[in-house]
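To get the working numbering, take the position in the sequence shown, counting from 1, and add 6. Yeah, the Cβ is synthetic: ideal placement off N, Cα and C, and Gly gets one too. Since we're looking at a predicted model, the values are computed, not measured.
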Amino acid sequence: MSEAREFDKEFLVARPAALLRHSVTESIRQAIAAGRFRPGERMPERDLCEMTGVSRTLVREALRQLESEGLIEVVAHKGPVVARITAAQ
7 MSEAREFDKE FLVARPAALL RHSVTESIRQ AIAAGRFRPG ERMPERDLCE MTGVSRTLVR
67 EALRQLESEG LIEVVAHKGP VVARITAAQ
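Here it is in structure tokens:
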């Protein structure tokens, strides 16, 4: 049985998807903070994929996280848009 466990370790992924998703989220967050995307501006998924070098799935997961934080809004028929932050926020 212990041989099977050692065999399984041989196939462990060096870069877990969770860490990669976190890196993509941080990259997009930094792009917004640096002014690459301005408040109210669309953020096409294709552009984000090219910017980060990852799949649309990872970009979409990152966008969901940023939406939950209030940094972006997903507008119907328009896609992700940088949120406008008010003084109250």
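Distance, A68 Cα to R62 Cα: In the sequence shown, residue 62 corresponds to position 56, counting from 1. In the sequence shown, residue 68 corresponds to position 62, counting from 1. Their Cα atoms are separated by approximately 10 Å.
List the whole-angstrom C-beta distance separating I91 from P45, where the pair is believed to meet the contact cut-off of C-beta under 8 Å. For this step, residue 91 is matched to residue 85 along the sequence shown. For this step, residue 45 is matched to residue 39 along the sequence shown. Indeed they touch by this definition, with Cβ atoms about 7 Å apart.
Between K84, V88, L25, T31, which has its C-alpha nearest M57's C-alpha? Taking the first residue of the sequence shown as position 1, residue 57 is located at position 51. Closest option to M57, Cα to Cα, is T31.
Could you check if L25 is buried or exposed, using at least 16 other CB atoms within 10 Å of its CB as the buried criterion? As a working mapping, residue 25 is identified with position 19 in the sequence shown. It is exposed - the Cβ of L25 has fewer than 16 other Cβ atoms within 10 Å.
Quick one: complete alpha helix (DSSP H) runs, 4+ long, within the region 49 to 89? 51 to 58, 62 to 74
I'd like to know whether the C-beta atoms of G85 and R27 end up nearer to each other than 7 Å. Along the sequence shown, one-based indexing puts residue 85 at 79. Along the sequence shown, one-based indexing puts residue 27 at 21. Their beta carbons are not under 7 Å apart, which means G85 does not touch R27 by this criterion.
If R66 sits next to E51, beta carbons under 8 Å apart, how far is it from one beta carbon to the other, in whole angstroms? Against the sequence shown, residue 66 aligns to sequence position 60. Against the sequence shown, residue 51 aligns to sequence position 45. Their Cβ separation, rounded to whole angstroms, is 7 Å, which keeps R66 and E51 in contact under 8 Å.
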